[in-house]
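Protein chains in written order, with the numbering used here: chain Z, 55 to 304; chain G, 19 to 246.
Idealized CB from N, CA, C, for every residue including glycine.
Predicted model, so just to flag it, every value in this text is computed and none were measured.
I have placed the structure first, in the form of structure tokens, so that the comments after it can refer back to it.
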Amino acid sequence: MRAIDHHAWTNRWRRWHPAEKLLPASGLLVLTLILPPLTTAPLVLAGAVLATVRGAGVPLPTLLSVLAAPTAFLVAGIPFLAVSVDFTQGFDLRLSNDGWWLALTTMLRALAAMSCLAFLILTTPLTDWITSLRRVGVPSGVVELILLTYRLIFVFVERALTGHQAQTARLGHSRVDRSVRSLGWLAGNLFQRALAQARRLEIGLLARGYTGELRVLAPPHVLSRTRLAAGLGLVGLVGAASGLLARGFS
Amino acid sequence: MHIAEGFLPPLHAAAWTAVALPFVVVSAWRVNRLMRDQPRIKLLLAASGAFAFVISALKLPSATGSCSHATGTGLGAILFGPSVMALLGTIVLLFQTLLLAHGGVTTLSANVVSMAIVGPWVAYGLLRGARWLNIPLAASVFLAAMLGDLATYTVTAGQLALAFPDPASGFMGSFVKFLGVFAPTQLPLAVIEGLLTVVIVNFLREYSGDELKILQFPLRALATEARS
Numbered sequence: 055m056r057a058i059d060h061h062a063w064t065n066r067w068r069r070w071h072p073a074e075k076l077l078p079a080s081g082l083l084v085l086t087l088i089l090p091p092l093t094t095a096p097l098v099l100a101g102a103v104l105a106t107v108r109g110a111g112v113p114l115p116t117l118l119s120v121l122a123a124p125t126a127f128l129v130a131g132i133p134f135l136a137v138s139v140d141f142t143q144g145f146d147l148r149l150s151n152d153g154w155w156l157a158l159t160t161m162l163r164a165l166a167a168m169s170c171l172a173f174l175i176l177t178t179p180l181t182d183w184i185t186s187l188r189r190v191g192v193p194s195g196v197v198e199l200i201l202l203t204y205r206l207i208f209v210f211v212e213r214a215l216t217g218h219q220a221q222t223a224r225l226g227h228s229r230v231d232r233s234v235r236s237l238g239w240l241a242g243n244l245f246q247r248a249l250a251q252a253r254r255l256e257i258g259l260l261a262r263g264y265t266g267e268l269r270v271l272a273p274p275h276v277l278s279r280t281r282l283a284a285g286l287g288l289v290g291l292v293g294a295a296s297g298l299l300a301r302g303f304s
Numbered sequence: 019m020h021i022a023e024g025f026l027p028p029l030h031a032a033a034w035t036a037v038a039l040p041f042v043v044v045s046a047w048r049v050n051r052l053m054r055d056q057p058r059i060k061l062l063l064a065a066s067g068a069f070a071f072v073i074s075a076l077k078l079p080s081a082t083g084s085c086s087h088a089t090g091t092g093l094g095a096i097l098f099g100p101s102v103m104a105l106l107g108t109i110v111l112l113f114q115t116l117l118l119a120h121g122g123v124t125t126l127s128a129n130v131v132s133m134a135i136v137g138p139w140v141a142y143g144l145l146r147g148a149r150w151l152n153i154p155l156a157a158s159v160f161l162a163a164m165l166g167d168l169a170t171y172t173v174t175a176g177q178l179a180l181a182f183p184d185p186a187s188g189f190m191g192s193f194v195k196f197l198g199v200f201a202p203t204q205l206p207l208a209v210i211e212g213l214l215t216v217v218i219v220n221f222l223r224e225y226s227g228d229e230l231k232i233l234q235f236p237l238r239a240l241a242t243e244a245r246s
């Protein structure tokens, strides 16, 4: 998690306007979802990986580790798309061609979609696009709530890790039953501290004239038309290429 | 159990958005009004949201050897009530997508339906029901958290089955298939989550009576019974 956040803040494309990254990423995502996956997905995957690694300079191992967790979900679920169960005459398991086809296309589509998501989260820090939520009509109070949550997550993760380490050092995780109890205590403790933190934050803010709105300066981003056009061009290129490939195959 | 990005066909993703949106919008509207009336609620909710995120990222010891994560839906529903959980859960799921790459943008609404709407409502309903039947608090918390977790998992299996019906036996066959696939990890996980929630609630009643009173959310009973 901290790796993702770290690269989001330090990659080469960090200072670009968020729309310049959001547009190609969502464009590719839409292409993946609507075009036939067999030809589109590999192109999208290649495009997103190249943009992340070559363009933004995020190390390949980081990208792979981000993709690893959801891939585990896929690997667990996908084979069962290929298997077909029939209860009409007892219990009948069988592999079908349609099933394999469905499993393959779903796997490809999901992988490609995940690479678009990975590109987006590895190149754009969360705060950049939380602030743009306001523009799509989310109430500013809720946006602020999201920003505050984002800030506090890192405070609590730090504490949870320290607490966990301390418990482990005292053999608190040496057996499953102890582990459950230790985790419960850790969580209870965290909750207490979370509320205490909220109260301190409130007192501190009230002392500075807090009326329910936090005003922050957003760093100015200049929208570059060239980069936006390049992003759109990439989406168009992938769309056209996969369309041509699909026609060639059929 | 998060459905991964791009796993659901576009039509299903859109349909789940239509299901989830009213709940989340109503919840956002309520929370927004609550925050305007009492600015301190905002900080409390932010702390709770961050807490829920960290809890859901805690690795649970699991009987099958593999580590799994808690959902925290039961605890959230017990502490904050289901109507607040719809928004809070959505925010937590959004962060899980953007900070951990768990779940996805296109499958966010399907995950919201299972984890931020159905799970909390089931847990909350069970807790109320169990308290009404005078079942001891620890047992009702355990039941609520465990069955809330199982409800989440059943809904996810149902969503997957709807998206990928079995060619031979249709929706039901596929539903049973997906339930079966995830049962070996999800059943022990639900029990562990139930136990964990009991430990947390006991801890809070023992040491945080005052904090529980601040919450003023659904379970006044829990706070007033607290031995602070």
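So, residue i versus residue j, is the Cβ gap smaller than 8 angstroms?
| i | j | result |
| --- | --- | --- |
| V42 (chain G) | V130 (chain G) | yes |
| P272 (chain G) | T215 (chain G) | The structure shown does not extend to residue 272 (chain G), since chain G is modelled only from 19 through 246, so no value can be given for it. |
| I210 (chain G) | A241 (chain Z) | no |
| L171 (chain Z) | G122 (chain G) | yes |
| A179 (chain G) | F193 (chain G) | yes |
| P185 (chain G) | Y264 (chain Z) | no |
| S132 (chain G) | Q177 (chain G) | yes |
| M55 (chain Z) | L168 (chain G) | no |
| A102 (chain Z) | L135 (chain Z) | no |
| V196 (chain Z) | A46 (chain G) | yes |
| A64 (chain G) | A252 (chain Z) | yes |
| G238 (chain Z) | F160 (chain G) | no |
| A68 (chain G) | L206 (chain Z) | yes |
Quick one: grab the DSSP three-state call for residue i.
| i | result |
| --- | --- |
| S187 (chain G) | coil |
| S138 (chain Z) | strand |
| L93 (chain G) | helix |
| L268 (chain Z) | coil |
| L126 (chain G) | helix |
| L225 (chain Z) | coil |
| L149 (chain Z) | strand |
| N243 (chain Z) | helix |
| S119 (chain Z) | helix |
| G99 (chain G) | coil |
| E23 (chain G) | coil |
| F303 (chain Z) | helix |
| S226 (chain G) | coil |
| G107 (chain G) | helix |
| P206 (chain G) | helix |
| H218 (chain Z) | helix |
| E243 (chain G) | Confidence is the limiting factor: at E243 (chain G) the pLDDT is only 48, short of 50, which leaves the residue's position unreliable, though a coordinate-based value still follows. Coil, per DSSP. |
| W67 (chain Z) | coil |
| L277 (chain Z) | coil |
| A119 (chain G) | coil |
| A65 (chain G) | helix |
| L151 (chain G) | coil |
| P138 (chain G) | helix |
Let me confirm a value: residue i is counted as buried when at least 16 other C-beta atoms fall within 10 Å, else exposed. Which label applies?
| i | result |
| --- | --- |
| N65 (chain Z) | buried |
| F189 (chain G) | exposed |
| W34 (chain G) | buried |
| S194 (chain Z) | exposed |
| E224 (chain G) | exposed |
| S226 (chain G) | buried |
| A119 (chain G) | buried |
| T82 (chain G) | Per-residue confidence for T82 (chain G) stands at a pLDDT of 42, beneath the threshold of 50, marking its modelled position as unreliable; no derived number is given. |
| W67 (chain Z) | buried |
| T216 (chain Z) | exposed |
| F245 (chain Z) | buried |
| D182 (chain Z) | buried |
| V190 (chain Z) | exposed |
| F303 (chain Z) | exposed |
| E267 (chain Z) | exposed |
| P179 (chain Z) | buried |
Which residues in the same chain as residue i place their Cβ atom closer than 7 angstroms to its Cβ, once the five residues preceding and following it in sequence are excluded?
| i | result |
| --- | --- |
| M164 (chain G) | A208, V209, E211, G212 |
| V289 (chain Z) | P78, G81, L82, L85 |
| A134 (chain G) | M103, A104, G107, T108, L111 |
| L92 (chain Z) | T159, L162 |
| Q221 (chain Z) | H227, S236, L240 |
| G285 (chain Z) | E74, L77, P78 |
Grab me the residues of residue i's own chain with a C-beta within less than 6 angstroms of its C-beta, minus the 5 sequence neighbours each way, in chain order.
| i | result |
| --- | --- |
| A31 (chain G) | T124 |
| S127 (chain G) | W34, T35, A38 |
| A300 (chain Z) | P90, T93 |
| A57 (chain Z) | T116 |
| L282 (chain Z) | E74 |
Using a Cβ-Cβ cutoff of less than 8 angstroms, which residues in the same chain neighbour residue i once the five nearest sequence positions on both sides are dropped?
| i | result |
| --- | --- |
| L298 (chain Z) | none |
| L225 (chain Z) | R232 |
Q.
Counting beta carbon pairs with one atom in the segment 116 to 130 of chain Z and one in the segment 88 to 95 of chain Z, are three or more of them shorter than 8 angstroms?
A. no
Q: Report yes or no: do three or more beta-carbon pairs, one from the segment 263 to 281 of chain Z and one from the segment 69 to 81 of chain Z, lie closer than 8 angstroms?
A: yes
Q) If we count Cβ pairs, one from each stretch, closer than 8 angstroms, do we get three or more for the segment 90 to 99 of chain Z versus the segment 157 to 167 of chain Z? A) yes
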